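J.: Under my numbering, the letters of the sequence shown match residues 41 to 482, in that order.
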Amino acid sequence: MVSVSEPTTAASRRSVRAAFAAAIATSLEWYDFFIYSTAAALVFNVTFFETDSAVVSALNSFATVAVGFIARPIGGILAGQLGDRYGRKPVLVGAVLLMALATSLIGFVPNTEIVWLAPALLVLLRVCQGLAVGAQWGGAVLVATENAPPHLRGFFGSFAQLGVPIGVILGNVAFLAMTAWTSAADFLAWGWRIPFWISLVMLPVAFAIHRFLEETPEFKAASAKMAQTPAVKKSPIMQVLREHPGTILTAAGANTIGVVFFYTMITGSVQFVTTYLGVDRSTVLTWILVSCCLAIPFVPFVGWLSDRFGRKLIFGLGSVAMMVWAVPMWLLIEASSADRVWPFAIAVIVGMLAAGFQTGTQGTLFAELFPPEIRFSGASLGYQISAIIGGFAPFAMVALINGEPGNAWRVGAGLAALAALGLVCLWVIVRRNYHSDAEPAA
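1. Opposite residue 377 in the DSSP bridges: which residues?
2. Note down, one range per segment and in chain order, each alpha helix (DSSP H) of at least 4 residues found wholly within the stretch 307-373.
3. Could you round the C-beta distance between residue 116 and residue 178 to whole angstroms and report it? I think they count as a contact, below 8 Å.
4. Would you decide whether residue 191 is buried or exposed? Buried here means 16 or more other CB atoms lie within 10 Å of its CB.
5. Kindly confirm or deny that the stretch 89-104 and the stretch 218-231 touch, where touching means at least three C-beta pairs closer than 8 Å.
6. Looking only at its own chain, which residues have a Cβ that is under 8 Å from the Cβ of residue 91, when we skip the five neighbours before and after it?
7. Please report how far the alpha carbon of residue 308 lies from the alpha carbon of residue 81, in whole angstroms.
8. Would you report the Cα separation of residue 135 and residue 379, rounded to the nearest angstrom?
9. Note the first and the last residue of the continuous alpha helix (DSSP H) segment covering residue 507.
10. Which of the three DSSP states is assigned to residue 96 in this structure?
11. What whole-angstrom Cβ distance do residue 310 and residue 324 have, given they're in contact under 8 Å?
12. Helix, strand or coil for residue 88, going by three-state DSSP, please let me know.
13. For residue 351 and residue 202, I'd like the C-alpha separation in whole angstroms.
14. Given a cut-off of 8 Å, decide if residue 362 and residue 395 are closer than it, judged by their beta-carbon atoms.
15. Measure the Cβ-Cβ separation of residue 218 and residue 232 and say whether it is below 8 Å.
16. Taking only the alpha-carbon atoms, compute the straight-line gap between residue 464 and residue 421 and give it to the nearest angstrom.
17. Counting C-beta neighbours from all protein chains within 10 Å, is the total for residue 443 16 or more, i.e. buried, or is it exposed?
18. Which of helix, strand or coil does DSSP assign to residue 191?
19. Residue 340: which of 110, 73, 194 sits nearest, CA to CA?
20. Could you give the DSSP three-state label for residue 70: helix, strand or coil?
21. Measuring CA to CA, which of 235, 289, 454, 357 is closest to residue 401?
22. Here's a check: name, in chain order, each residue in its chain whose Cβ is nearer than 8 Å to the Cβ of residue 440, leaving out the five neighbours to either side.
23. Below 8 Å, can you find three or more Cβ-Cβ pairs linking the stretch 312-321 to the stretch 152-169?
24. Using beta-carbon positions only, say whether residue 417 and residue 121 come within less than 8 Å of one another.
25. With distances taken between CB atoms, is the gap from residue 229 to residue 75 smaller than 8 Å?
26. Excluding five sequence neighbours on each side, which residues of the same chain lie with their C-beta closer than 8 Å to the C-beta of residue 334?
27. Would you mind stating whether residue 374 and residue 445 have Cβ atoms separated by less than 8 Å?
28. For the alpha helix (DSSP H) containing residue 134, name the first residue and the last one.
29. Relative to the C-alpha of residue 337, which residue among 78, 326, 399 is closest?
30. Thinking residue 185 and residue 403 are a contact (beta carbons under 8 Å), I'd like their distance in whole angstroms, please.
31. I need the DSSP call for residue 443, collapsed to helix, strand or coil.
32. Do you know whose CA, among 141, 265, 303, lies nearest residue 411's CA?
33. Which whole-angstrom value describes the C-beta separation of residue 342 and residue 354, a residue pair presumed to lie in contact below a C-beta threshold of 8 Å?
34. Would you report the Cα separation of residue 438 and residue 49, rounded to the nearest angstrom?
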């Protein structure tokens, strides 16, 4: 006799397995994506892009960081087309494979007397990284949320977002280890390459996802529905652009502050305090690591809060927190020095928790804005459009500061303005009466 609880138990196991698969895949993807930003802040400006001006070197180096963000919406579009037609799982596997190969090859880019060769290779491989991240985000979020029970969709969906702080931690640990094990000269010559080669560990992870993870029930249902009307097959990306353009744009606008805030904090601030304030590189990376460790339990907690009180409310609290903290954060960063690191520590710890209110909710919120048959395309576009602006955040930070540490407040003021814009976009989403059956009214 079959127990009534067996289907429930099987569904629970599927939810947990999907959540952990999403967390592992995104952690490794973001590790690969973030180590490039860290290398751009610490290495590339003095190896591949060195000039007589520290500002120009930093701008050139961070410009290649931005290239990856420009490629992310393209990856989201391609993945959306495939993911809405053929499934979430195969797209996630393909994204993991592409990221592993592109990142490991960055570690082989040569120091060469041919001036243009290394930058050209870096740009090409950074584009591949951007395509991979653009593809994996939607796949991981939907694998987690569409396998979750409706009343815990926010909690399980947040596991895909755990890849952000875990990826930063893994990247910082890799660079801290290489800093400790190599001299300054050896680190610049070859030590920085090893964190990129480590990304080959993603290959067996891709195989495991392909082998053991099931396709999501919601995609199966949507696919069966579309199979009954084969003559009406449409391009998912064209359909979502035609039917939901406002939703895509307001979602992107609401999310921009979180992306920009995060990258100025974990990448821009590293370049700023090590270049202008003389703070030790290892010390800076350690405090970034500590802040991300605190974010790991905080992000699922925020996802759980969104199940209790609503996605929009919790997401909006994140915008308010970042708006309030932006200027104080950058004034504290500016007040740091080689023998006075506590202002930097407070700035990034509070900043990471403020951003966590959006990190823990954005995946599930974006997924629930769109129907299943075009959800991959819609959610990916909304998220990745905001990522384009975020990719230019460190570049804009360098330009705003312009070599004068006293100008750091300008960065905070810009972040506060973006947060206000994000609240306006969120208000528009609320006014359109978006409400998911899985979400309590906010």
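Even for Gly, the Cβ is constructed at its ideal location relative to N, Cα and C. All figures in this text were calculated on a predicted structure; none of them were measured in a lab.
T.: So, to answer that:
1. 380
2. 309-316, 321-349
3. So it is a contact: roughly 6 Å between Cβ atoms.
4. exposed
5. no
6. 97, 100
7. So the two alpha carbons sit approximately 8 Å from each other.
8. 43 Å
9. No answer is possible for residue 507: it lies beyond the span of the chain, which begins at 41 and ends at 482.
10. helix
11. Contact between residue 310 and residue 324 holds: their C-beta atoms lie close to 5 Å from each other, under 8 Å.
12. Here residue 88 sits in coil by DSSP.
13. 17 Å
14. yes
15. yes
16. 19 Å
17. exposed
18. helix
19. Considering only alpha carbons, the answer is 194.
20. helix
21. For the residues 235, 289, 454, 357, the minimum Cα distance to residue 401 belongs to 357.
22. 447, 450, 451, 454
23. no
24. yes
25. For the 8 Å CB-CB criterion, residue 229 and residue 75 do not form a contact.
26. 389, 392, 393
27. yes
28. 128-146
29. Nearest to residue 337 by alpha-carbon distance, out of 78, 326, 399, is 399.
30. 7 Å
31. It is coil, neither helix nor strand.
32. It is 265 whose Cα lies nearest to the Cα of residue 411.
33. Confirmed, Cβ separation roughly 6 Å.
34. Rounded to whole angstroms, residue 438 to residue 49 spans 52 Å at the Cα level.
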